[in-house]
Amino acid sequence: MRRLLWLLLSVALHAVAQPARRSGFDDMSPSTQAMQRDDAQNPAMLWAQDGAALWARAPSPSVPACAGCHGEARASMRGVAARYPAYDEALARPIDLATRINRCREMRQGAPRWAPDSQELLSLESHLALQSRGLPVEPPADVRLLPWRERGEALYRARIGQLNLSCAQCHDERAGLRLGGGLIPQGHANGYPLYRLEWQGVGSLLRRIRNCMTGVRAQPLAADSPEFAALATYLAWRDRGMPVESPAVRP
Amino acid sequence: MRRRVVLQFGLAAGGLLLVRPARATRFEMQSAIADYASGAPVKPGKVMFDIPPLVENGNGVPITVSVDSPMTAADHVTGIAVFNERNPQRDVVRFTLGPRAGRAVVSTRIRLATSQQLVAVARLSDGTFWSQGVDVLVTLAACLE
Amino acid sequence: MARTLITAPATAKRGEVIELRTLIAHPMETGFRPGADGLLLPRNLITRFSCRYNGDLVFSADLHAATAANPYIAFFTVATESGTLSFSWEGDHGFAQTETVSLSVT
Chain A
387 MRRLLWLLLS VALHAVAQPA RRSGFDDMSP STQAMQRDDA QNPAMLWAQD GAALWARAPS
447 PSVPACAGCH GEARASMRGV AARYPAYDEA LARPIDLATR INRCREMRQG APRWAPDSQE
507 LLSLESHLAL QSRGLPVEPP ADVRLLPWRE RGEALYRARI GQLNLSCAQC HDERAGLRLG
567 GGLIPQGHAN GYPLYRLEWQ GVGSLLRRIR NCMTGVRAQP LAADSPEFAA LATYLAWRDR
627 GMPVESPAVR P
Chain B
8 MRRRVVLQFG LAAGGLLLVR PARATRFEMQ SAIADYASGA PVKPGKVMFD IPPLVENGNG
68 VPITVSVDSP MTAADHVTGI AVFNERNPQR DVVRFTLGPR AGRAVVSTRI RLATSQQLVA
128 VARLSDGTFW SQGVDVLVTL AACLE
Chain C
-6 MARTLITAPA TAKRGEVIEL RTLIAHPMET GFRPGADGLL LPRNLITRFS CRYNGDLVFS
54 ADLHAATAAN PYIAFFTVAT ESGTLSFSWE GDHGFAQTET VSLSVT
């Protein structure tokens, strides 16, 4: 009986202790928010515009462009970015949108993969993610994702690096406090790819996570590592229901 | 004993040379403004310098400078210039306008190396110069790439 | 050819003051930044932006290292007649690019 009461209490406390989710957008100054809201000002729109051109252009004369199979991205790609990472049967793991784009290129267009965070890949990913802007992040209800999500959560809560810090320690426990002069955000992934003022360019979630890991003096994850796949899967679940903001702007 | 005193003095003097006092850069900014105005007096007023007082990242700071002017052929803004105190160079940007601008409002994004004072100067068609200064606090990202 | 994004109305009434907003993809390398090897990255800036309305210069800007990367410049002009608005960017290493938009004034 006492054990049951303890169990109920801990579950209740856990539910109560969940902070309200707050996008990094809400932590920004009004002028940076204006940069994201205004498509005429948002530098990431330069990448998205490039992505639209890439969508329409065949990589070589004998193969179709993306548009050749998928038509207008505005129609066919609506909601797609909100459902990634998704499980890929051939690779037997979750993949992010960038990996999906590259697999399409290889398998359907006979074209070489674009390097992670290359301009072409970021541009096309921005164009596609833009088609889901405003829609809620909706990780697929796929049981195969469950063990990856749990593994991702374990990675999120594990202490890493010489500084021996976990993602959770900053982004769950200390979100809203300051690190140096900067406000610690909750670290949601609902705006990627995004224009980061620090980068003076557009970058991916992978780049940001690698930054963070370097920041705590840990070995950064590789692009195609199962750990990154797990972490991205967990982060999408952590963001579920939040609106897609891609392509966002962040300090 | 004497040698140690000389060394200490030498270090202190060298340190002073490396860190330029705020007075020097403020003076340089005033000189750059005076240069832009060709020695004419620069009066505070007419200029609205819209910049966030607390900047999250100095790499991209949106600014808008508006000048109170009818923008007619007889009375208009001919130029707007922004100067800074502590970037490597004093000049930020210089705009050239005319009556065809319709409205003396310009927006852009600038870089700020550190917390400092900025001054926006407007040149009017009647040869007068007006300005507004703002103090900006710049915070830097904690986790750099 | 750098990517550009120009936001301008397609039509306007005569005498109306219209807003023109321009974005161009450019690193605006200051020449003060060290690269990964510790050596200063060479300066690569856009130094001048100008807008011509049917050939007449209506606005210009002289940019320096303190202009942020991927420069954004927004300004106004009076819609006087139908025609072409041309936007030119010039800079280091012979950088020169012009983009045009049409404006119909009634």
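Residue numbers (the numbering used here), protein chains in the order written: chain A, 387 to 637; chain B, 8 to 152; chain C, -6 to 99. For each residue, glycine too, the CB sits at the ideal point set by N, CA and C.
message: Please list the terminal residues of the continuous beta strand (DSSP E) segment that includes residue 487(A).
response: Where residue 487(A) is concerned, there is no enclosing beta strand (DSSP E), although the alpha helix (DSSP H) it sits in stretches over 483 to 495.
message: Does chain B have any CB closer than 7 Å to the CB of residue 584(A)?
response: yes
- request: Using beta-carbon positions only, say whether residue 62(C) and residue 21(C) come within less than 7 Å of one another.
  value: yes
message: Once the 5 residues before and after residue 98(C) are set aside, which same chain residues still bring their CB inside 6 Å of it?
response: Spatial neighbours of residue 98(C) in its own chain (CB-CB distance under 6 Å, excluding positions within 5 residues in sequence) are listed in chain order as 5, 7, 72, 74 and 75.
task: Could you check which residue in 108(B), 115(B) and 122(B) has the C-alpha nearest to that of residue 144(B)?
output: Selected option, being the one with the closest Cα: 122(B).
- prompt: Taking C-alpha atoms, which residue in 537(A), 626(A) and 610(A) lies nearest to residue 575(A)?
  reply: 626(A)
message: Buried or exposed, going by whether 16 or more other CB atoms sit within 10 Å of the CB of residue 31(C)?
response: exposed
- prompt: According to DSSP, is residue 614(A) helix, strand or coil?
  reply: helix
message: If you measure between the beta carbons of residue 415(A) and residue 69(B), is that distance less than 7 Å?
response: no
- prompt: Since residue 86(B) is in the beta strand (DSSP E), which residue starts that stretch and which ends it?
  reply: In the DSSP assignment, residue 86(B) falls within the unbroken beta strand (DSSP E) covering 84 to 91.
- prompt: Helix, strand or coil for residue 67(C) per DSSP?
  reply: strand
task: List the endpoints of the continuous beta strand (DSSP E) containing residue 46(C).
output: 39 to 46
- prompt: So what does DSSP say about residue 666(A), is it helix, strand or coil?
  reply: Outside the shown range of chain A, which is 387 to 637, sits residue 666(A), and nothing can be said about it.
- request: Using a Cβ-Cβ cut-off of 7 Å, state whether residue -4(C) counts as contacting chain A.
  value: yes
- prompt: Taking the C-alpha atoms as reference points, what is the distance between residue 12(B) and residue 29(B)?
  reply: Note that residue 12(B) scores 47 on pLDDT, short of 50, meaning its location in the model is unreliable and no value can be drawn from it.
Environment of residue 64(C) [buried if 16+ CB atoms lie within 10 Å]: buried
query: Is residue 86(C) close to chain B, meaning its C-beta is less than 7 Å from at least one C-beta of that chain?
result: no
message: What does the alpha-carbon distance come out to for the pair residue 610(A) and residue 49(C)?
response: 54 Å
message: Would you say residue 103(B) lies against chain C (beta-carbon separation less than 7 Å)?
response: Residue-level contact check: residue 103(B) touches chain C, since one or more beta carbons of chain C fall below 7 Å from its beta carbon.
field: residue 554(A) and residue 545(A) closer than 7 Å at C-beta
entry: no
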